[in-house]
Amino acid sequence: MDNILDYLQTAAVSAGKIILEITYIIFLVMLLLETLKALKILNKINDLTYKFTKHLGITPSANFPLLVGLIIGISYGAGAIINSYRNKMMTKKDVLLVSVFLSLCHAIIEDTILFAKIGANIFVLVFARLFVAIIATYVMNKILVRKEKKHESY
Amino acid sequence: MKIIKEILKNSTISTVKTLKILVKVIIPVIFIITFIDMTGVLSKFSTWLDPVMKIFNLPGEASLALILGNVVNLYAAISVIVTLDLSSSQITTIAIMLLFSHSLVLETSIIAAIGVKRSTQLAIRILTMILIGITIGLLIGVIYG
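Just so you know, the protein sequences line up as chains A and B, in that order. Take the first sequence: its letters are residues 97 to 250, numbered as in my numbering. Take the second sequence: its letters are residues 20 to 164, numbered as in my numbering.
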């Protein structure tokens, strides 16, 4: 009985903590996003970074969720990702490409610092993650494009 | 002033909308993970994997870090790594493996919420983890002998 109470308490406390933390960070991200939008800076950042990310095969509206996830991670960046998805700004292909990229590479600052602190090589960590994520997304895009073409030819 | 009001209103609305989805995903996941973690079943399971760790040029005990990192989170993995006697190149190997694949219960649930099958995500991440572990482990073995 004690075990069960202990379990419920531990789980409830950590769930509460995570929800609070996520609420706080998502709100900050949304605030930043809306401010950049209002100041008309968001478009400029998007245009500038899309020059690089367009090679992955995503549309411009998937660019921002990709950047947010890359920098702050999946759980915290979920706000921007889920938001674009709900507002139907991303195509099906976008969702798949962004997911492949972010599954392999996200929270690049926080995660890297975490392991650098215990002595891992920062350069290897950052380079390997970015490299593999870019290649995987690129290949996935080629596969999806080929599939689309096949459908058209029927 | 009007702009600030508008910004606050919009960010609150999108935060609430996102939270509605996330809370549904996160709460059950936390209860599941905490349960698995408390039963101690992971440490038993990880001993089976000890011999496999050789292919990554890692000691057998490192398997617990990999398992905890993948099921629970990176903090759980790091708390094990610091107790092991690893060279700095071995720390880099296990770090890069964990960075490709970690917190799978939680993160795959979130991405599943935008419509990507969990099996696809798991396949991509675990395969990449294994391949990169073998590659980096091998490279480090060649470089440092």
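The beta carbon of each residue, even a glycine, is placed where N, CA and C say it ideally should be. The structure displayed is predicted, hence computed values, not measured ones.
Within the stretch 121-145 of chain B, contact with chain A at the beta-carbon level (separation under 9 Å) is assigned to His121, Ser122, Leu125, Glu126, Thr127, Ile129, Ile130, Ala132, Ile133, Gly134, Val135, Thr139, Gln140, Ile143, Arg144.
By the Cβ neighbour-count rule, A/Asn183 is exposed, with fewer than 16 other Cβ atoms within 10 Å of its own. Inclusion of A/Thr155 and A/Thr187 in the CB contact set at 7 Å is warranted, their separation being smaller than that value. With a threshold of 7 Å between beta carbons, A/Phe123 makes contact with chain B. For a Cβ distance threshold of 9 Å, residue set Thr111, Ala114, Ile115, Leu118 of chain B lies close to A/Leu221, ordered along the chain. Every unbroken stretch of the alpha helix (DSSP H) spanning 4 or more residues and falling wholly within the stretch 134-183 of chain A is given here in chain order: 138-149, 156-168, 170-182.
In this structure the stretch 104-112 of chain B lies against the stretch 73-88 of chain B, because at least three pairs of beta carbons, one per stretch, are closer than 8 Å. A distance below 6 Å between beta-carbons, with the five flanking residues on each side excluded, links A/Met185 to the following residues of its chain, in chain order: Ser157. In the structure shown, the three-state DSSP call for B/Met72 is helix. Per DSSP, reduced to three states, the secondary structure at B/Leu103 is coil, with no helix or strand assignment. With respect to A/Gly165, A/Ile177 sits close: the two C-beta atoms are nearer than 7 Å. In this structure, A/Leu162 sits near A/Val194, with a CB-CB distance shorter than 7 Å.
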